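Structure first, commentary second.
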Amino acid sequence: MKAPNMDEAHFDLNDIEHEPTDAQLDALMKSVAEEVMRRAKIANDAFMQNLRAAIAAVNKSATDA
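When we follow this note's numbering, the leftmost residue of the sequence shown carries the number 2, and every step to the right adds one.
The following block contains the structure:
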């Protein structure tokens with residue numbers, strides 16, 4: 002049974018009187034997974050850029066020697 006005033010898009014995980022519906026939990030998990038993937042891509046892109054810069058610096062110093 003759905004609790005009164007339980008908006009499908011919004012719920013309070015700290016609310017001990019009303020549990021979120023399966024649909025709400027599914028939406029939350031999908032949203033979290035999307036955010037994790039977005040942040041992982043940003044971190045990976047930054048890591049690869051720094052790695053390429055470090056490789057270029059090593060290569061440059063090796064050719065200067």
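For every residue, glycine included, the Cβ atom is placed at its ideal position computed from N, Cα and C. Note that the coordinates shown come from a computational prediction; the quantities given were computed from them, not determined experimentally.
Is residue i near the ligand GDP - that is, is its Cβ less than 7 Å away from at least one heavy atom of it?
| i | result |
| --- | --- |
| methionine 38 | In the structure on display, the ligand GDP does not appear, and there are no ligands present to speak of. |
From the DSSP output, in three-state form, read off residue i for me.
| i | result |
| --- | --- |
| alanine 57 | helix |
| leucine 52 | helix |
| alanine 44 | helix |
| glutamate 18 | coil |
Let me make sure I understand the geometry here. Which of the options has the alpha-carbon closest to that of residue i?
| i | options | result |
| --- | --- | --- |
| glutamine 25 | Met49, Asp13, Lys61 | Asp13 |
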